[in-house]
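Report on one structure; see the data block that follows.
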Amino acid sequence: MLRSVYTYTNAYRYACRSNATSSTSTCTRLLKPSFGRFFSAVPLDPPSSGDSELGVSTVGSSNTNTSTTNSASGNAEDLSKYLRPSEIVTKLDDYVVGQQDAKRAVAIALRNRWRRRLLPEDIKREIMPKNVLLVGPTGCGKTEVARRMAMLNDAPFIKVEATKFTEVGYHGRDVDKIISDLMDISLQLTRKRHTEIMREQARANVEERILAILTGTSTTSTPTGTNDTTTADRTTDSFREMMKDGMLDDQPIEIDVPQKTPSEMNIGTTSTGGDVTMPIPPQIMAMIMSQGAAAGGGKKIPTDKKKTTVAEARELLLDSEIDKLLANVDLKKEAIAAVEETGIVFIDEIDKICTSNDSFGKSADASAEGVQRDLLPLVEGTTISTKHGNVKTDYILFVASGAFHAVKPSDLLPELQGRLPVRVELKGLTERDLYRILTEPVANMIRQQVELLKTEGVELVFEDEAILEIASMAAELNKSVENIGARRLHTVMERIMEEISFEAAEVDAGTKFVVDKQLVQERLKDVTMKTDLTRFIL
Numbered sequence: 005m006l007r008s009v010y011t012y013t014n015a016y017r018y019a020c021r022s023n024a025t026s027s028t029s030t031c032t033r034l035l036k037p038s039f040g041r042f043f044s045a046v047p048l049d050p051p052s053s054g055d056s057e058l059g060v061s062t063v064g065s066s067n068t069n070t071s072t073t074n075s076a077s078g079n080a081e082d083l084s085k086y087l088r089p090s091e092i093v094t095k096l097d098d099y100v101v102g103q104q105d106a107k108r109a110v111a112i113a114l115r116n117r118w119r120r121r122l123l124p125e126d127i128k129r130e131i132m133p134k135n136v137l138l139v140g141p142t143g144c145g146k147t148e149v150a151r152r153m154a155m156l157n158d159a160p161f162i163k164v165e166a167t168k169f170t171e172v173g174y175h176g177r178d179v180d181k182i183i184s185d186l187m188d189i190s191l192q193l194t195r196k197r198h199t200e201i202m203r204e205q206a207r208a209n210v211e212e213r214i215l216a217i218l219t220g221t222s223t224t225s226t227p228t229g230t231n232d233t234t235t236a237d238r239t240t241d242s243f244r245e246m247m248k249d250g251m252l253d254d255q256p257i258e259i260d261v262p263q264k265t266p267s268e269m270n271i272g273t274t275s276t277g278g279d280v281t282m283p284i285p286p287q288i289m290a291m292i293m294s295q296g297a298a299a300g301g302g303k304k305i306p307t308d309k310k311k312t313t314v315a316e317a318r319e320l321l322l323d324s325e326i327d328k329l330l331a332n333v334d335l336k337k338e339a340i341a342a343v344e345e346t347g348i349v350f351i352d353e354i355d356k357i358c359t360s361n362d363s364f365g366k367s368a369d370a371s372a373e374g375v376q377r378d379l380l381p382l383v384e385g386t387t388i389s390t391k392h393g394n395v396k397t398d399y400i401l402f403v404a405s406g407a408f409h410a411v412k413p414s415d416l417l418p419e420l421q422g423r424l425p426v427r428v429e430l431k432g433l434t435e436r437d438l439y440r441i442l443t444e445p446v447a448n449m450i451r452q453q454v455e456l457l458k459t460e461g462v463e464l465v466f467e468d469e470a471i472l473e474i475a476s477m478a479a480e481l482n483k484s485v486e487n488i489g490a491r492r493l494h495t496v497m498e499r500i501m502e503e504i505s506f507e508a509a510e511v512d513a514g515t516k517f518v519v520d521k522q523l524v525q526e527r528l529k530d531v532t533m534k535t536d537l538t539r540f541i542l
């Protein structure tokens, strides 16, 4: 009780600062009635021009919501953020070594998305995206190019494995699920973008709600223009100053917290035994939600009383305020438009659903030719029904990749080949490329190891000769065993670092480990010896 009295006394001191020119104003109505006996009438300062800066717009203001929505839509249409092809290639160079042809193809495809959006509608409808097929050996950077492309492009992007899907009619995932998943991603991106735009307004609304609880005032409790209204405003401004200074963070407060929604209570999934869950079909989920809405009779979302502090109340109320602001935005409509105009689908391992022409039509694999046939309308352009609405795939960009060791790109269905007009051949990695991978990318493997051991207070140094030897050993293993490209570096690096990583936690802080050429050869001699012996195994 004493702590609360102290807090409210400070608020009183903020509100009732005496001024020689304001003797006619008195604190006749202060804070909560239960604390009124602790204060006496004291002259108030008259409102100054600077006080208006402390004001925050009223919760739920229609003007504020309208401006927020407009700024959100403006952000969605901001085309200046798109990079030029040369800039895209430069940024990809920070993460992917070599493969300039693949980078250029991806950069041109992304830039063409931007160019198309600037065209008049009559010609815009006729321009289809030029889908890309990346062909190259394992570990040459096909998937990495796609990953980095997704990070550079602020658009709905999904990467899928072609082998995860089966022909329609077989047990497994249909290819239509690709668009459904892409739509889910787009909805998350759209919601995230609007949330960031509206966050400041939501924080202001939360502050107003907390101030109303602390002061026991309401915007409609007192007629406008009365002395009580002026006093209440001064009190609220005083509390706002205290909140900004953090003086009220530990103040106890009771708030109304919205009850959990069905999605938060995991109603959208059903257990199949053990830890495995399956999603409830959208039709059944819609039925559950509609019944819940009917039972509520259109009333407000039920809330629970919760006692907490002002600091925690800010975070608890923020999500509900953001949801209120988002209610004025058609997120699904924007998400569908984003998928249809800027969506990108990356299909990896497409060669694994391809059979040679000799065995065409004879395979019983449900994830082979049938999946290719199912992909045809998707890539060509069709309308897919999702739980969020119908999505047209006509202008979605498809990028496919595969190693094509056992088959050739020409073994794909002719119709599918025609729908992947841009074909890029990626080159295998040389010893020089492996050395560059170890040293040039922003988060290269050498730096990763150094940063990991820094957490133990240990200094790790790689000599240049040692790095050259690592690249040489990896290239030799790729030639003599199996060419897995840059992935071989992970195997070699872990073998070298095994003992150092084990001892790093035991040594004194400041200890220095040096990896030289001799150490690399010593750690890898067993691996190279086993490689030599494999040539004599029948």
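Going by this note's numbering, the sequence shown opens with residue 5, and the numbers climb by one from there.
A virtual CB, placed ideally from N, CA and C, is assigned to each residue, including glycine.
Bear in mind the structure is a predicted one, so any value in this text is a computation, not a measurement.
Is it right to say Ser52 is buried, meaning 16 or more other beta carbons lie within 10 angstroms of its own, or is it exposed? As a first step, residue 52 is located in the sequence shown; it is residue number 48 there, counting from the start. Unreliable positioning characterises Ser52 in this predicted model, as indicated by a pLDDT of 41, which lies under 50. A coordinate reading is not provided.
Considering Leu335, what are the terminal residues of the beta strand (DSSP E) in which it resides? Position 331 of the sequence shown, counted from the first residue, corresponds to residue 335. Per DSSP, Leu335 is not a residue of any beta strand (DSSP E); the alpha helix (DSSP H) it occupies stretches across 335-346.
Taking only three categories from DSSP, how would you classify Ile112? Sequence index remark: in the sequence shown, residue 112 carries index 108 (1-based). Of the three classes helix, strand and coil, the one that applies to Ile112 here is helix, per DSSP.
Just the C-alpha distance for Thr273 and Met477, rounded to the nearest angstrom, thanks. Residue 273 sits at position 269 when you count from the first residue of the sequence shown. Residue 477 sits at position 473 when you count from the first residue of the sequence shown. Residue confidence is low: Thr273 scores 45 on pLDDT, short of 50, so the model does not pin down where it sits. Its coordinate-derived value is still stated next. Those two C-alpha atoms are separated by around 49 Å.
Report buried or exposed for Asn74, applying the criterion of at least 16 other Cβ atoms within 10 angstroms of its Cβ. On the sequence shown, position 70 is the one that residue 74 refers to. Bear in mind that a pLDDT of 39 at Asn74, under 50, signals an unreliable position, so the model cannot answer this.
Nearest-angstrom Cα separation, counted from Ile183 out to Lys95: Position 91 of the sequence shown holds residue 95. Position 179 of the sequence shown holds residue 183. Going from the Cα of Lys95 to the Cα of Ile183 covers about 28 Å.
Tell me whether Arg244 is buried or exposed, calling it buried when 16 or more other Cβ atoms sit within 10 Å of its Cβ. Numbered from its first residue, the sequence shown carries residue 244 at position 240. With 16 or more other Cβ atoms within 10 Å, it is buried.
Using alpha carbons as the reference points, say which of Ser360, Arg195, Lys483, Ala509 lies closest to Val411. Working through the sequence shown from its first residue, we reach residue 411 at position 407. Per the C-alpha coordinates, the member of Ser360, Arg195, Lys483, Ala509 positioned closest to Val411 is Ser360.
Quick check on Thr434: does DSSP put it in helix, strand or coil? For the purposes of this step, residue 434 is taken as residue 430 along the sequence shown, with counting starting at 1. It is coil, neither helix nor strand.
Val343 beta carbon less than 7 Å from that of Met187: Numbered from 1 along the sequence shown, position 183 holds the residue referred to as residue 187. Numbered from 1 along the sequence shown, position 339 holds the residue referred to as residue 343. The answer is yes: Cβ separation under 7 Å.
Pairwise C-alpha distance: Glu338 and Val60: Here residue 60 corresponds to residue number 56 of the sequence shown, with the count starting at 1. Here residue 338 corresponds to residue number 334 of the sequence shown, with the count starting at 1. For Val60, the predicted model reports a pLDDT of 33, less than 50, meaning its position is unreliable and no value from the coordinates is stated.
Using alpha carbons as the reference points, say which of Gln205, Met247, Leu252, Glu325 lies closest to Asp260. On the sequence shown, residue 260 is found 256 positions in, with the first residue counted as 1. Checking every option, the nearest Cα to that of Asp260 belongs to Glu325.
What residue does the beta strand (DSSP E) around Asp180 start on, and which one ends it? Start at 1 with the first residue of the sequence shown, and residue 180 comes out as number 176. No beta strand (DSSP E) holds Asp180; the alpha helix (DSSP H) holding it covers 180-219.
Figure out for me which residue from Lys516, Glu526, Val485 has the closest Cα to the Cα of Ile474. Against the sequence shown, residue 474 aligns to sequence position 470. The residue with the shortest Cα to Cα distance from Ile474 is Glu526.
Mind checking Asp398: buried by the 16 CB within 10 Å criterion, or exposed? To locate residue 398, count along the sequence shown from 1; it is residue 394. Result: exposed.
Does any heavy atom of the ligand SAM sit closer than 6 Å to the C-beta of Leu430? This structure lacks the ligand SAM; in fact it carries no ligand of any kind.
Beta-carbon proximity of Asp520 to Ala479, cut-off 7 Å: As a first step, residue 520 must be located in the sequence shown, where it is residue number 516. As a first step, residue 479 must be located in the sequence shown, where it is residue number 475. No. Outside cutoff.
By DSSP, does Ala315 sit in helix, in strand, or in coil? Against the sequence shown, residue 315 aligns to sequence position 311. Note: Ala315 maps to helix in three-state DSSP.
What is the DSSP secondary structure of Gly301, counted as helix, strand or coil? Translated into positions along the sequence shown, residue 301 becomes position 297. Its pLDDT being 44, under 50, Gly301 is placed unreliably by the model, and the measurement read from it follows with that caveat. For Gly301, the three-state secondary structure derived from DSSP is coil.
So, is Gly461 buried or exposed, given that buried needs 16 or more other C-beta atoms within 10 angstroms? Counted from its first residue, the sequence shown places residue 461 at position 457. Per the 10 Å Cβ criterion, exposed.
When DSSP labels each residue in this structure, what does Pro50 get in the three-state scheme? Counting from one through the sequence shown, the residue named residue 50 turns up at place 46. Residue placement at Pro50 cannot be trusted, given a pLDDT of 40 that sits under 50; what the coordinates show is reported in the next sentence. Coil at Pro50, not helix or strand.
Quick one, which of Arg499, Glu125, Asn135 has its alpha-carbon nearest Asn116's? As a working note, residue 116 is residue 112 in the sequence shown. Cα-wise, what sits closest to Asn116 is Asn135.
Which residue wins for smallest C-alpha separation from Met501, given the options Asp512, Phe517, Arg491, Asn487? For this step, residue 501 is matched to residue 497 along the sequence shown. Out of Asp512, Phe517, Arg491, Asn487, Phe517 has the C-alpha closest to the C-alpha of Met501.
Pairwise C-alpha distance: Lys163 and Leu401: The residue given as residue 401 occupies position 397 in the sequence shown. The residue given as residue 163 occupies position 159 in the sequence shown. The alpha-carbon atoms of Leu401 and Lys163 are separated by roughly 12 Å.
Leaving out the 5 sequence neighbours to the left and right, which residues in its chain are closer than 6 Å to Thr313 when beta-carbon positions are compared? Counting from one through the sequence shown, the residue named residue 313 turns up at place 309. Only Asp254 meet the Cβ criterion.
Three-state secondary structure (DSSP) of Leu416: On the sequence shown, residue 416 is found 412 positions in, with the first residue counted as 1. DSSP places Leu416 in coil when its eight states are reduced to three.
Buried or exposed, going by whether 16 or more other CB atoms sit within 10 Å of the CB of Pro306? Looking up residue 306 in the sequence shown gives position 302. Pro306 is exposed by the Cβ-count criterion.
What is the DSSP secondary structure of Val462, reduced to helix, strand or coil? Here residue 462 is taken as the residue at index 458 of the sequence shown, counted from 1. For Val462, the three-state secondary structure derived from DSSP is coil.
So Val139 and Val100 are supposed to be a Cβ contact under 8 Å. How far apart are they, rounded? Stepping through the sequence shown from its first residue, residue 139 is reached at position 135. Stepping through the sequence shown from its first residue, residue 100 is reached at position 96. The pair is not a contact, with the Cβ atoms about 16 Å apart (cut-off 8 Å).
What do you get for Asp437, buried or exposed, if any count of 16 or more other CB atoms within 10 angstroms of its CB means buried? Translated into the one-based positions of the sequence shown, residue 437 becomes position 433. Buried, by the Cβ-count rule.
Based on Cα-Cα distance, which residue from Asp355, Glu510, Leu379, Pro413 lies nearest to Arg177? Translated into positions along the sequence shown, residue 177 becomes position 173. Cα-wise, what sits closest to Arg177 is Leu379.
Return the residue from the list Arg88, Lys483, Val428, Ser190 that minimises the CA-CA distance to Leu137. Taking the sequence shown and counting its residues from 1, the one referred to as residue 137 is at position 133. Minimum Cα distance to Leu137 is reached at Val428.
Rounded straight-line distance, which links the Cα of Arg492 to that of Leu464: In the sequence shown, counting from the first residue as 1, residue 464 sits at position 460. In the sequence shown, counting from the first residue as 1, residue 492 sits at position 488. Distance between the alpha carbons of Leu464 and Arg492 is about 22 Å.
Please report how far the alpha carbon of Asp468 lies from the alpha carbon of Glu503, in whole angstroms. To locate residue 468, count along the sequence shown from 1; it is residue 464. To locate residue 503, count along the sequence shown from 1; it is residue 499. Roughly 20 Å between the two C-alpha positions.
Run the CB neighbour count on Asn394, radius 10 Å, all protein chains shown included, and call it buried at 16 or more, exposed below. Sequence index remark: in the sequence shown, residue 394 carries index 390 (1-based). It is exposed - the Cβ of Asn394 has fewer than 16 other Cβ atoms within 10 Å.
Within this structure, are the beta carbons of Ser405 and Lys146 separated by less than 7 Å? Mapped onto the sequence shown, residue 405 falls at position 401. Mapped onto the sequence shown, residue 146 falls at position 142. Yes, the pair counts as a contact, with Cβ atoms nearer than the cut-off.
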